[in-house]
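By this note's numbering, the letter at position 94 of the sequence shown is numbered 605, and the numbering carries on one by one without gaps.
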Amino acid sequence: MGLPALLASALCTFVLPLLLFLAAIKLWDLYCVSSRDRSCSLPLPPGTMGFPFFGETLQMVLQRRKFLQMKRRKYGFIYKTHLFGRPTVRVMGADNVRRILLGEHRLVSVHWPASVRTILGSGCLSNLHDSSHKQRKKVIMQAFSREALQCYVPVIIEEVGSCLERWLSCGERGLLVYPEVKRLMFRIAMRILLGCEPPRAGSGEAEQQLVEAFEEMTRNLFSLPIDVPFSGLYRGMKARNLIHARIEENIRAKICRLRAGEADRSCKDALQLLIEHSWERGERLDMQALKQSSTELLFGGHETTASAATSLITYLGLYPHVLQKVREELKSKVRGFWEFCISLGISVAPLPTSLLIRSAEYFTEYFESAWPRAEWACWGRES
Numbered sequence: 512m513g514l515p516a517l518l519a520s521a522l523c524t525f526v527l528p529l530l531l532f533l534a535a536i537k538l539w540d541l542y543c544v545s546s547r548d549r550s551c552s553l554p555l556p557p558g559t560m561g562f563p564f565f566g567e568t569l570q571m572v573l574q575r576r577k578f579l580q581m582k583r584r585k586y587g588f589i590y591k592t593h594l595f596g597r598p599t600v601r602v603m604g605a606d607n608v609r610r611i612l613l614g615e616h617r618l619v620s621v622h623w624p625a626s627v628r629t630i631l632g633s634g635c636l637s638n639l640h641d642s643s644h645k646q647r648k649k650v651i652m653q654a655f656s657r658e659a660l661q662c663y664v665p666v667i668i669e670e671v672g673s674c675l676e677r678w679l680s681c682g683e684r685g686l687l688v689y690p691e692v693k694r695l696m697f698r699i700a701m702r703i704l705l706g707c708e709p710p711r712a713g714s715g716e717a718e719q720q721l722v723e724a725f726e727e728m729t730r731n732l733f734s735l736p737i738d739v740p741f742s743g744l745y746r747g748m749k750a751r752n753l754i755h756a757r758i759e760e761n762i763r764a765k766i767c768r769l770r771a772g773e774a775d776r777s778c779k780d781a782l783q784l785l786i787e788h789s790w791e792r793g794e795r796l797d798m799q800a801l802k803q804s805s806t807e808l809l810f811g812g813h814e815t816t817a818s819a820a821t822s823l824i825t826y827l828g829l830y831p832h833v834l835q836k837v838r839e840e841l842k843s844k845v846r847g848f849w850e851f852c853i854s855l856g857i858s859v860a861p862l863p864t865s866l867l868i869r870s871a872e873y874f875t876e877y878f879e880s881a882w883p884r885a886e887w888a889c890w891g892r893e894s
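What follows is the structure in structure tokens.
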């Protein structure tokens with residue numbers, strides 16, 4: 512084989528595929544940019560659109576914080592990218608984020624990636640808009656009124672006391688705080704939001720399966736919108752279906768108790784309020800919408816609170832003098848528990864501090880943008 516033949520073979524084997532790959536990336540970039548609003552003469556922010564169809568989702572999922580920091584160093588506080596199947600503009604910096612927040616419902620509107628909408632479902636509060644959203648929110652917020660919170664206190668005391676006894680029984684073996692706190696918050700959310708009685712802590716295999724299903728669903732909420740076996744969306748939907756099956760059993764039991772007049776009418780949980788609202792309007796109960804709303808309530812009711820509670824425990828452990836002040840204040844209060852909670856000063860101070868630190872590191876929000884420079888505007892703040 513002569514030299515020209517070797518060169519031609521090398522060209523076909525290495526150089527030509529490389530050129531085709533680079534051409535595909537360039538054409539993908541041009542395709543994404545072509546969807547911009549032509550009526551706006553302002554230039555697009557700097558940045559890249561990644562690989563065809565996948566964009567830069569894989570890099571972000573695999574590298575996470577390193578990817579975001581690299582983009583910020585290279586392009587600054589505003590740059591374009593392609594995430595979760597949509598062109599996106601990422602915005603950072605207090606002044607830039609402030610403009611977006613003040614322009615909500617005017618410049619931008621809330622929008623979640625397709626994977627989130629698919630897994631959580633169209634019937635949950637976060638995916639409703641306009642009058643439907645306002646009506647559903649008004650009903651659910653009744654479960655978080657001052658009177659409702661007073662009803663929840665005995666349940667919370669019972670669950671926390673039970674968990675503390677179990678934690679103390681571990682002795683020197685120790686335990687992992689975050690999984691235990693998440694399990695505690697899950698039990699509390701099940702009882703006060705859905706009115707369900709989960710299995711007792713000593714025999715909680717079914718409960719643990721449900722907690723693990725929630726973790727699996729949460730891990731795959733933000734994934735590529737491709738429903739094929741072993742994909743993130745597939746695993747998230749599989750976990751969601753398990754959760755829905757368990758929740759449906761509780762919903763049917765709740766409906767039977769309500770029709771039999773056995774439910775507590777003085778202290779209503781969110782699920783009971785949603786069911787009674789449908790009955791009052793003469794509507795047929797939508798089981799799928801109830802399951803989706805219940806899943807969303809459990810997700811929001813135990814995931815974020817478990818993280819905040821773990822941060823609180825961490826910071827109290829790091830600062831013994833603050834812990835001592837909290838103990839002294841708790842011992843000095845002898846009034847009714849509700850008035851006691853309202854009167855606390857130093858005891859509630861560590862909580863917003865832990866929330867503030869956590870939000871600075873992890874909080875991210877997605878918006879569907881009316882901004883002419885991208886279909887999405889993704890804003891956040893990094894430490």
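Heads up, the beta-carbon is just placed ideally off N, CA and C, and yes, glycines get one too. If you're wondering where the values come from, they're calculated on a predicted model, not measured in any experiment.
Query                                                                                                                                                    : Result
Could you compute how far the alpha carbon of Glu670 sits from the alpha carbon of Lys591?                                                               : 47 angstroms
From this set, Lys582, Ser742, Val608, Glu787, which residue's C-alpha is nearest Ile762's C-alpha?                                                      : Glu787
Expressed to the nearest angstrom, what Euclidean distance is found between the alpha-carbon atoms of Thr559 and Met571?                                 : 13 angstroms
Please state if the CB of Ile737 and the CB of Lys802 are separated by a distance shorter than 7 angstroms.                                              : no
Would you identify the three-state DSSP class for Pro598, choosing helix, strand or coil?                                                                : strand
For Glu794 and Leu553, what's the separation of their Cα atoms in angstroms?                                                                             : 49 angstroms
How would you call Leu613, buried or exposed, if buried means at least 16 neighbouring beta carbons within 10 angstroms?                                 : exposed
When we look at the beta-carbon of Met701 and count the other beta-carbons within 10 Å, is it buried (16 or more) or exposed?                            : buried
If you reduce the DSSP assignment to three classes, tell me which class Glu765 lands in.                                                                 : According to the sequence shown, residue 765 is Lys rather than Glu. Of the three classes helix, strand and coil, the one that applies to Lys765 here is helix, per DSSP.
Alpha carbon to alpha carbon, what distance is there between Ala750 and Glu726?                                                                          : 9 angstroms
Any idea what DSSP makes of Tyr830, helix, strand or coil?                                                                                               : coil
Could you check the C-alpha separation between Leu744 and Ala534 for me, to the nearest Å?                                                               : 30 angstroms
Return the first residue and the last residue of the alpha helix (DSSP H) that Met696 is part of.                                                        : 688 to 704
Would you check if there are 3 or more beta carbon pairs closer than 8 angstroms linking the stretch 622 to 640 to the stretch 593 to 602?               : yes
Please check the pair Leu705 and Leu808, which I expect to be a contact at CB under 8 angstroms, by giving their CB distance rounded to whole angstroms. : 7 angstroms
How many angstroms separate the CA atom of Glu691 from the CA atom of Val526?                                                                            : 55 angstroms
Determine the extent of the alpha helix (DSSP H) in which Glu658 is found, giving its start and end residues.                                            : 657 to 679
Spatial neighbours of Val688 within its chain, please: C-beta separation below 7 angstroms, excluding the five flanking residues on both sides.          : Thr821, Ile824
Would a C-beta distance cut-off of 7 angstroms place Ile754 and Ala717 closer than the cut-off?                                                          : no
Quick one: Cα of Leu531 to Cα of Leu522, how far?                                                                                                        : 12 angstroms
Whole angstroms are fine: how far does the CA of Lys693 sit from the CA of His644?                                                                       : 28 angstroms
From this set, Lys649, Ile630, Ser520, which residue's C-alpha is nearest Met748's C-alpha?                                                              : Ile630
Among Leu541, Ala764, Met603, which residue has its Cα nearest to the Cα of Phe588?                                                                      : Met603
Determine the DSSP secondary structure at His640, reduced to helix, strand or coil.                                                                      : coil
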